[in-house]
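Student: I have a structure I would like to understand better, so I am pasting it below and will then ask my questions one at a time.
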Amino acid sequence: MLVKQISVFLENKSGHLAEATKTLGDNQIDIRSLYIAETTDYGILRMIVDKPDEAQAALAENGFTVSETDVIAIAVPDQPGTLDGALEVLSNGNISIEYLYAYVGRHSSDAIVIIRVETPQQALEKLEQSGIRVLSAKEVYGI
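According to this note's numbering, the sequence shown holds residues 299 to 441 in order.
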């Protein structure tokens, strides 16, 4: 149950982020979650959107450098300390986390955590065996 994340390379110049989000809006693509990692000269906009294939095509057609990455989405109760259990499962399985970000869904008391790991199938197996709720792509895109 992997989810497609869209990553967009953006120069650190005024208006570039707005151009990317406008492109998505013009194509009726809804952003579910986003995260920006930046350096002095550029940023990487990582997004979960409701229509990842269409988003990738629209952004590429408008001159953006865009890629797709498989990530894992888990749901944890939106309460202090609940993320620790999932992170411990991965740590005990010797699975390194490259990055993660989270958001709270609109109609849920759970936090949605997006996790990028080098070995997603192994991570999925460990999480599911431990009873951590792993979300399907359809669930995440529909949030």
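Cβ atoms here follow ideal geometry from the backbone N, Cα and C, with glycine treated the same way.
Predicted model, so just to flag it, every value in this text is computed and none were measured.
Going by beta carbon distance, what residues of the same chain come within less than 7 Å of ASN310, once the five residues before and after it are set aside?
Tutor: Residue 310 sits at position 12 when you count from the first residue of the sequence shown. Around ASN310: GLU336, THR338, ASP339, TYR340 and GLY341.
Student: Does DSSP put LEU258 in a helix, a strand or coil?
Tutor: This structure does not reach residue 258, given that the chain is present from 299 up to 441, and the question cannot be answered.
Student: Straight-line CA distance for ASN446 to PHE362?
Tutor: No answer is possible for residue 446: it lies beyond the span of the chain, which begins at 299 and ends at 441.
Student: Within its chain, find whatever has a CB closer than 7 Å to the CB of ILE393; leave out the 5 residues flanking it on each side and keep chain order.
Tutor: As a first step, residue 393 is located in the sequence shown; it is residue number 95 there, counting from the start. Answer for ILE393: VAL415, THR417, GLN420, ALA421 and LYS424, listed in chain order.
Student: Could you check if ILE430 is buried or exposed, using at least 16 other CB atoms within 10 Å of its CB as the buried criterion?
Tutor: Mapped onto the sequence shown, residue 430 falls at position 132. The residue in question, ILE430, is buried, as its Cβ has 16 or more Cβ neighbours within 10 Å.
Student: Quick check: the stretch 377 to 389 against the stretch 345 to 353, are there 3 or more CB pairs under 8 Å?
Tutor: Too few Cβ pairs lie closer than 8 Å, so no.
Student: Please state if the CB of VAL301 and the CB of ALA435 are separated by a distance shorter than 8 Å.
Tutor: The residue given as residue 435 occupies position 137 in the sequence shown. The residue given as residue 301 occupies position 3 in the sequence shown. Yes, Cβ-Cβ distance for ALA435 and VAL301 is below 8 Å.
Student: Runs of 3 residues minimum, wholly inside the stretch 333 to 405: which ones carry the beta strand (DSSP E) assignment?
Tutor: Correct list: 340 to 347, 363 to 375 and 395 to 402.
Student: Any beta-carbon of chain B closer than 8 Å to the one on GLN326?
Tutor: Of the protein chains in the structure, only one exists, and it is not chain B.
Student: Just grab the DSSP bridge partners of ALA409 for me.
Tutor: Stepping through the sequence shown from its first residue, residue 409 is reached at position 111. DSSP lists VAL374 and VAL402 as partners of ALA409.
Student: Figure out for me which residue from ALA355, ARG330, ALA373 and GLN354 has the closest Cα to the Cα of VAL411.
Tutor: Against the sequence shown, residue 411 aligns to sequence position 113. Comparing Cα positions, the closest option is ALA373.
Student: May I ask which residues mark the beginning and end of the beta strand (DSSP E) holding LEU308?
Tutor: Within the sequence shown, residue 308 is the residue found at index 10, counting from 1. LEU308 -> beta strand (DSSP E) spans 301 to 309.
Student: Roughly how many angstroms lie between the CA atoms of LEU315 and LEU308, to the nearest whole one?
Tutor: Residue 315 sits at position 17 when you count from the first residue of the sequence shown. Residue 308 sits at position 10 when you count from the first residue of the sequence shown. Computed Cα separation, rounded: 7 Å.
Student: Look at ALA371 and VAL438 and say whether their C-beta atoms are less than 8 Å apart.
Tutor: Numbered from its first residue, the sequence shown carries residue 371 at position 73. Numbered from its first residue, the sequence shown carries residue 438 at position 140. Cβ atoms of ALA371 and VAL438: closer than 8 Å.
Student: So SER331 and TYR397 are supposed to be a Cβ contact under 8 Å. How far apart are they, rounded?
Tutor: In the sequence shown, residue 331 corresponds to position 33, counting from 1. In the sequence shown, residue 397 corresponds to position 99, counting from 1. In fact, because the Cβ distance is near 13 Å, the residues do not count as touching under 8 Å.
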